Amino acid sequence: MKRDAKKAGPKVVTANALDTGWVVFLKADGGWSRDIGEALVAEDPDAAAALDAQGLEAATHNLVVEPYLIEVRDIDGRRVPVLLREAIRAAGGPTASTLHRIAEGAVV
Amino acid sequence: MYRYDEFDRQFVTERVAEFRDQVARRLSGELTEDEFKPLRLMNGLYLQLHAYMLRIAIPYGTLTPRQLRQLAAIGRRYDRGYGHFTTRQNLQFHWIHLKDVPDVLSALAEVEMHAIQTSGNCIRNVSADHFAGAAADEVADPRVYAEILRQWSSLHPEFTYLPRKFKIAVSAAPDDRAAIQIHDIGLEVKRNEAGETGFGVFVGGGLGRSPFIAKKLRDFLPEAELLSYCEAILRVYNLFGRRDNKYKARVKILLHEAGTEEISRQVEEEYEAIRAQGRLTLPQAEIDRIRAYFAPPELEELPARSARLDAAAASDEGLRRFVERNLVPHKVAGYGIVTISLKAIGAVPGDVTSDQMEAIADIAERYSADELRVSHEQNLVLPHVKLDDLPEVFALLEKAGLATPNAGLISDIIACPGLDYCALANARSIPLAQRIAERFGDHERQTLIGDLKVKISGCINACGHHHVGHIGILGVDRKGEEFYQITLGGSGDQNASLGDIVGKGFSSAEVVDAIETIVETYLARRENAEETFLACFRRIGEAPFQEALYADAQ
Ligand code: SF4
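Residue numbers (UniProt numbering), protein chains in the order written: chain A, 1 to 108; chain B, 1 to 554.
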C-alpha cells in the first residue's frame, strides 16, 4: 500500500476489520468505528504520518488488516472520502441494492 | 453426476481441518496477514472492499438441488441471504466473516463442494458448456472430459505453482457456448470421419490487459491422449512462461512472443516424450467409468411438440415470451432446456437470494431430473424439462421472480462485481448494467433488437468478458471519475473475435445514451430483422457507429 502522508489535505486511517472484513476507521481513542464521522482527522502531513503509524501499529495487534490513509473532505457538514472507491467503502456496502437499484450516486 | 470417492472426501475433509487451524491462528495473532493471505487464497477466500468474499467452485457448472439448497442455507446463515454467480460458473458469497469460514467449508463438504482451485496460480476449476448432457447439438457430454481434467489437475504437484492462473474450458457442440477460445486451453470434443471421439485443441486464449483469441494447435487429438497433450502444454508453459512480470505470465503471452509454430513444436516434442512412457494415456475403461457418472437421466418417449404447452402458451402471453427466449431444444424429443435468467430488469446480474435458490432447487428436483447447471453468462439452467410441464415450471419461476424472458437479449447482461465489491475495480459495473437493462427493459423493444450480448468489466482484468461482448464496456478511472470505454464486435463463440474500441470513453452520465445510439444505429442499418447486431457490425464495420457517436464532436 502506497503511504502518502505527505500529500496536503485532511486524512483519516481506514482498514478492514480482521474478523468481519468490514470497513473501519481509526478513532481518537485508538478504537475503530464503522462510521467515518467518528474517525480521527489528521489536518496536516505530520499528524497524518503519526496517524498512519498508529494504524500500522494496530495491524500488528490483529484487529485490522492493511490500514492506510485516505483523503477526506467536508460536504454540508458531512465527512466524505475524496475518492469514489473510498466513498463506496465508507458507505459500508454496494451502491446497488441486492435486487433493485437504489438512486444513482447515492454515496457520492 | 460425479460423486466423491473416498480419496476426494478425505482430502476435502483434511483441507477443512487444516484451514480451521490456520484461521484460528490468524485470529489469535499467531499468523500475520502476510503469512495468512496465501493460505486463505488457496481456500478461495478474498478480502474485498467491504468484507471477505468466499468463492466456491462449481465444477463444469453442474449443481444438484441438494447442493443449491445447502448454498441457500449458507447464504442465509453466514452471509446476507444471497449469493452471486460468476462468469467462471462459480458462486461467490460477499459477506462472510473470517471465523465462520471453516464452518462454511464444512457445510460445503457435506454436499461434496469446496473452494479449492478458485484462486491462485493453479489450474482453476474447469468450465464447460452449460447445456452439457442435454443439448440437441452436442456430440458427447463434455463434462466427462472436464471431470477427467479435474481429477488430473486437482493435486498435481507440478502445476500448483504455475507462472499464473490457468483456465481450461470444454465444449462438445459446434455452437460453442463455453467460450473455449478465450481460455488458456480450450477443448472442442468432436468426432472424426471414422466416428472416433477426439478434441480440437485451442491454446493461448485469454482476456485481461492483453486479450488474445486462442490458436488451434491440434485439429483432432485422439480421446485417449487428452491428458498426455494437456500435460505437455502445461509443462512447456511451466518451463518457459514468464514469472518476472505478472502481466506477461499467461500462456497467451508465451504463444504471442515465441510464436504459435515454435510453441506447437515444443508441445509436440514434450507430448511424444510423455506418450512414449504411456503413463497418461487414458484407458477406455477409465473413460467409461467416468462417463457412467454422467449417464443421462431416464426420460420418457414423447412427441416432439407438446399440445399442452402449445395450448397454454396460446392463452398466456408471458409463457409464450418465455418459451420464445428461454427454451432451447433438448436432445430428447418432448423435452427442453430452460434458462433461468438472473437478470430481472433492475436486478444485479448473477445475484440470487437464498429463497430463490430454494425455489429453484425444488423446481429442479421435481421437473428437471434433479439436475441444474450454472452458465458463464451468470444464469441458471434447468437441463431436462418435459415440455408438458413447462406451464407449471414457468408459473413457479414467475412466483419466485425468476421468469424474466430475456435470455440472450440486450438486458441479459454479464457484469462483474466492479467497484461495488471488488478491490481491484476502477468503476462500477452493476449499476450500469441495471441502467442499461432499465433503458431497454420493454420486452417488445428488446425483442425487436434481438440477440445482443452486452458485457461489462469494472477493470482491465476483464472478468465481465467485455472484449468478447457484441457491445463490451470497460470501466476506467479518469482522474478519480468513472469512465467507460466501449468496444464493438466482440464474440466468445466458435467465431470468436475481440471487440474494437469505438473511440474515446464516456462518462457515467453519458454511457447509457451512447449504448442507445449504437443500438439505434444498428436498427437503422441492418438489412432485415434476421441480421443480428454482430452480423451487421461485421458487415458495416465501426465507421457508422463512430459517426453516430461522435458526430457532434467532429
Ligand atoms: S474485472 Fe476487475 S473489477 Fe471486475 S471483478 Fe474482475 S478484477 Fe474486479
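Glycine included, each C-beta is placed from N, C-alpha and C at the ideal position. From a predicted model like this one, the values you see are computed outputs, not experimental measurements.
Would N121(B) and L162(B) qualify as a contact pair, given that the criterion is a beta-carbon distance under 7 Å? Their beta carbons are under 7 Å apart, which means N121(B) touches L162(B) by this criterion.
With A178(B) and A128(B) assumed to form a contact (beta carbons below 8 Å), what rounded beta-carbon distance in angstroms separates them? Indeed, because the Cβ distance is near 6 Å, the residues count as touching under 8 Å.
Taking 7 Å as the threshold (beta carbon to beta carbon), is E33(B) in contact with chain A? Yes, contact with chain A.
Provide the residue span of the alpha helix (DSSP H) that contains H256(B), from first to last. That run of the alpha helix (DSSP H) goes 251-258.
G44(B) and T118(B) closer than 7 Å at C-beta: In this structure, T118(B) lies closer than 7 Å to G44(B) by Cβ.
Using the Cα positions of L549(B) and I486(B), report the straight-line distance between them to the nearest angstrom. CA-CA distance, L549(B) to I486(B), rounds to 11 Å.
Determine the extent of the beta strand (DSSP E) in which E66(A) is found, giving its start and end residues. Looking at the DSSP string, the run of the beta strand (DSSP E) that includes E66(A) is 64-75.
Suppose contacts are defined by Cβ-Cβ distances below 7 Å. Is A42(A) in contact with K11(A) by that definition? With a cutoff of 7 Å on beta-carbon distance, A42(A) and K11(A) are scored as near each other.
In this structure, does DSSP put T98(A) in helix, strand or coil? At T98(A) the pLDDT is 45, less than 50, meaning the model places this residue with poor confidence and gives no usable figure here.
Local conformation of H384(B) per DSSP, three classes: In the three-state reduction of the DSSP assignment, H384(B) falls in the strand class.
Cβ-heavy atom distance, C463(B) to the ligand SF4, below 6 Å: Yes; taking the cut-off as 6 Å, the Cβ of C463(B) has a heavy atom of the ligand SF4 nearer than that.
Let me make sure I understand the geometry here. Which of F166(B), R439(B), L149(B), L187(B) has the alpha-carbon closest to that of T197(B)? The shortest C-alpha separation from T197(B) is found at L187(B).
Looking at chain B, which residues of the segment 73-98 of chain A have a Cβ within less than 7 Å of any of its Cβ atoms? Within the segment 73-98 of chain A, contact with chain B at the beta-carbon level (separation under 7 Å) is assigned to L83, L84, R85, I88, R89, G92, G93, P94, T95, A96, T98.
Integer-rounded CB distance, given that F545(B) should sit under 8 Å from I518(B): By a beta-carbon distance limit of 8 Å, I518(B) contacts F545(B). Their separation comes to about 6 Å.
Residues of chain B with a CB under 9 Å from the CB of E66(A): which are they? Per Cβ cutoff of 9 Å: E33, L47.
Hey, is P94(A) close to the ligand SF4, as in C-beta under 6 Å from one of its heavy atoms? Using a cutoff of 6 Å, the CB of P94(A) does not count as near the ligand SF4, since none of the ligand's heavy atoms is closer than that.
Would DSSP call K11(A) helix, strand or coil? Note: K11(A) maps to strand in three-state DSSP.
DSSP beta-bridge partners of M42(B): When DSSP reads this structure, M42(B) sits in no beta bridge, so it has no partner.
Under 7 Å between the Cβ atoms of H466(B) and L474(B)? Cβ distance < 7 Å, so H466(B) and L474(B) count as in contact.
Just to confirm, are I185(B) and I213(B) a CB contact at a threshold of 7 Å? Inclusion of I185(B) and I213(B) in the CB contact set at 7 Å is not warranted, their separation being larger than that value.
Starting from the C-beta of S306(B), find all residues in its chain whose C-beta is less than 6 Å away, skip the five residues before and the five after it, and write them out in chain order. Cβ-Cβ distances below 6 Å link S306(B) to L387, D388 in the same chain, with the five nearest sequence neighbours on each side left out; the list follows chain order.
Contact check, G206(B) vs K246(B), beta carbons under 7 Å: No.
Residues sharing a beta bridge with D477(B), DSSP: For D477(B), which the question treats as bridged, DSSP gives the partners E482(B).
Under 7 Å between the Cβ atoms of H470(B) and L448(B)? No, the Cβ-Cβ distance between H470(B) and L448(B) is not below 7 Å.
Between T14(A) and chain B, is any beta-carbon pair separated by less than 7 Å? Cβ-Cβ to chain B under 7 Å: no for T14(A).
Can you grab the Cα-Cα spacing for the pair A313(B) / D74(A), in whole Å? Taking C-alpha positions only, A313(B) is separated from D74(A) by approximately 58 Å.
Can you find a heavy atom of the ligand SF4 that lies under 6 Å from the Cβ of P417(B)? Within the cutoff, so yes.
If you measure from the beta carbon of Y52(B) to each beta carbon in chain A, is any gap under 7 Å? Yes, its Cβ sits closer than 7 Å to a Cβ of chain A.
If you reduce the DSSP assignment to three classes, tell me which class W22(A) lands in. Correct three-state label for W22(A): coil.
At the level of alpha carbons, what is the spacing between E300(B) and G336(B)? As the crow flies, the alpha-carbon of E300(B) is around 13 Å from that of G336(B).
Could you tell me how far apart the beta carbons of R265(B) and S228(B) are, in whole angstroms, since I believe they sit closer than 8 Å? Between S228(B) and R265(B) the Cβ distance is about 16 Å, and since that is not below 8 Å, they are no contact.
With M357(B) as the anchor, note down where its alpha helix (DSSP H) starts and where it stops. Looking at the DSSP string, the run of the alpha helix (DSSP H) that includes M357(B) is 354-367.
Closest to D79(B) by CA distance: which of A403(B), G541(B), L523(B), T353(B) is it? Checking every option, the nearest Cα to that of D79(B) belongs to T353(B).
Is the segment 32-41 of chain B in contact with the segment 64-81 of chain B, if contact means three or more CB pairs nearer than 8 Å? Touching, no.
Distance between H94(B) and V13(A) (C-alpha atoms, nearest Å): Computed Cα separation, rounded: 23 Å.
By Cβ distance, which residues of its chain are closer than 7 Å to E358(B), with the 5 residues on each side in sequence left out? Within the same chain, Cβ atoms closer than 7 Å to the Cβ of E358(B) are found at R69, A72, the five residues on either side in sequence being excluded.
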